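Residues -12 to 289 (this note's numbering) make up the sequence shown, in order. Note that beta-carbon positions come from the ideal geometry of N, C-alpha and C, so glycine has one too. Just so it is clear, the structure is predicted and the values come from calculations on it, not from any experiment.
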Amino acid sequence: MKPVSRLWMWVVLAIVALVLGPKILPPSVLTPATYIGLHALICLGLVLLVGMAGLTSFGQAAFVGLGAYTSAVLVSTFGWAPWASLPAALLVSGISAWLLGWLTISLASHYLVLGTMAWSISLYHLFGTLPGLGGYNGIGGIPGISIPGLDLSHAETFYVLVWTPNLVAFVCVRNLLDSRMGRAIRSLKDPVMAQAFGVWTTRLNVSIFVLAALLAGLSGWLNVHFVSVVNPGPFGIGASIDYLFMTVVGGTASIGGALLGPAVVEVLRNLLRDIVPGISGVGGSFEIMIFGVVVILLLRGS
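In structure tokens, the structure reads:
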């Protein structure tokens, strides 16, 4: 089957899942599926960074937080409509990524990892201490996204709202990677070879960095209007490691890993949360230990 035909086959299947999912799946399934979609947007950017460009970022959760906090402040403090805050959320995430990208992309090896960790931790504490952001308790009562004729407060409808941009993003990234620029992006793993073919590696790396941040900011905007509250907790270095971990579990060699990783991790967590306490009589740390062991086995088998 030709690659183009295979792509459109997956697009059709995704559209069918969008249409039929809310009608046949219960809310207990749709809610985890919605979170998988929110994480998939972030992991898609990480596939571009890690799998295609050969970069490692421990700061993607910070861009999720920038998108979420920008929308939360504009909507709750200045009375903006949620849809009107979307361009602002993306703009803040994109500009921040552009500035931080030029500062850190040129770093090599473990220095790049340490650089992304440094500004990730800094932004986390900024969210908790900057006046007007509610401190570490955050901002509550954020209104949901509204569409005339649709009630997006239910999991059934928000599921469609989350997975529609996912479908668009996956198709656009697939087309990008199949283009001439996509071939240049794939060559970034060997910067000497890329430069020999005339690729301005720093600028292209920063561009990919910004694209990944925009996807993370979009996820943050959707998330804050889904849960109606925002605080620094989900945007720390631990969350960034979690997103990178999901991406590695799914596989960084293809964009499908951005969907597989969050799905595997979310399903495993939900299963262990339900099964472990019933078997052992305890949860908490014991549940986390079993999750770690299962993940190590998955990584060894991949």
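What is the residue span of the alpha helix (DSSP H) that residue i lies within?
i    : result
L31  : 14 to 33
L101 : 97 to 116
G52  : 47 to 63
A156 : 142 to 164
T91  : 69 to 91
G225 : 224 to 237
My output table needs one value for residue i: the three-state DSSP class, helix, strand or coil.
i    : result
I242 : coil
G128 : coil
V252 : helix
Y134 : Contrary to the premise, residue 134 reads as Ile rather than Tyr in this sequence. Of the three classes helix, strand and coil, the one that applies to I134 here is strand, per DSSP.
V186 : coil
S194 : helix
A171 : helix
G119 : coil
S206 : helix
D261 : helix
L247 : helix
L42  : coil
L94  : coil
P279 : Position check: residue 279 holds Gly in this sequence, whereas Pro was assumed. Three-state result, G279: helix.
G8   : helix
Would you mind stating whether residue i and residue j have Cβ atoms separated by less than 8 angstroms?
i    : j    : result
F45  : L205 : no
W208 : L5   : no
G81  : A200 : yes
W106 : L87  : yes
A291 : A245 : Coverage of the chain is limited to positions -12 through 289, which leaves residue 291 absent and any answer about it impossible.
I277 : A40  : no
V217 : P130 : no
V60  : T239 : no
N210 : L53  : no
P221 : Y123 : no
A171 : A181 : yes
I29  : V51  : yes
I132 : W70  : yes
L90  : L42  : no
A48  : Y146 : no
T34  : I242 : It is Val, not Thr, that sits at residue 34 in the sequence shown. A contact, by the Cβ cut-off of 8 angstroms.
G119 : T64  : yes
V282 : V254 : no
L202 : A156 : yes
S174 : V160 : no
According to DSSP, residue i sits in a beta bridge with which residue or residues?
i    : result
S216 : Reading the sequence as shown, one finds Val at residue 216 and not Ser. Answer is G127, bridged to V216.
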